[in-house]
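Data block below; observations after.
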Amino acid sequence: MGFLDGLVAAVRRRPRPIAAEERLKISYAPRRDGDADPGEVVWTWVPYEEDPTKGKDRPALVVGHIGRDVAVVPLTTKNRTDRPECIEIGRGDWDPAGRVSYALLDRMLRIRSTRIRREGGSLDERRFTRVVDALRALDPG
């Protein structure tokens, strides 16, 4: 199991091995159709790092699918780019205030697509590829 699969498995309440048919499938396919598609920024409930039983509704970038679920990385407006697991993705429609956003690559979450509250915008393919490349760079295997 690679780093990316390990991150996704780690966020489950009861971690279990990810079956071959459930492997993370990364793609770029944003479509404004109401579904959470890779490349889109969506709003969903994200647990706090300190206490996963609590959290808040926040933007997250969809990077791919795991079976019927989506894999997302949460976004923040706090600049943490001094750490390799945080990269700048710029501004977008998901933030009405027009602030710069950053992807938290070490917090990949597996979310049921029914738990996505709404689409907030999408990244262009160049920025999406930067995020995916940075995720892969964190993958030691």
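Take the sequence shown: its position 115, counted from the start at 1, is 114 in numbering that gives the first Met the number 0, and no numbers get skipped.
The beta-carbon is built from N, C-alpha and C at its ideal position, and this holds for glycine as well.
For residue i, the nearest candidate out of the options (CA to CA)
i, options, result
"isoleucine 25", "Gly33, Gly119, Ile65", "Ile65"
"serine 121", "Ser100, Glu48, Trp44", "Ser100"
"arginine 135", "Ile110, Ile115, Asp105, Ser112", "Asp105"
"arginine 114", "Trp44, Asp123, Arg30", "Trp44"
"alanine 35", "Ser112, Glu124, Asp123, Leu137", "Ser112"
"aspartate 123", "Arg22, Pro29, Glu21, Leu23", "Pro29"
Whole-angstrom distance between residue j and residue i, CA atom to CA atom
i, j, result
"leucine 74", "alanine 102", "5 Å"
"proline 37", "proline 51", "24 Å"
"isoleucine 88", "glycine 119", "14 Å"
"arginine 126", "arginine 31", "18 Å"
"tyrosine 27", "lysine 53", "30 Å"
"alanine 133", "glutamate 84", "8 Å"
"alanine 69", "proline 95", "Per the sequence shown, residue 69 should be read as valine rather than alanine. Distance between the alpha carbons of valine 69 and proline 95 is about 24 Å."
"arginine 22", "glycine 33", "24 Å"
Cβ neighbour criterion (16 or more within 10 Å) applied to residue i
i, result
"valine 130", "buried"
"glycine 91", "buried"
"arginine 98", "exposed"
"glutamate 39", "buried"
"arginine 109", "buried"
Tell me whether the region 78-86 and the region 56-64 touch, counting them as touching only if at least three CB pairs, one residue from each stretch, are closer than 8 Å. no
Continuous beta strand (DSSP E) assignments of at least 3 residues falling wholly in the region 33-102: 39-46, 54-65, 68-75, 85-89
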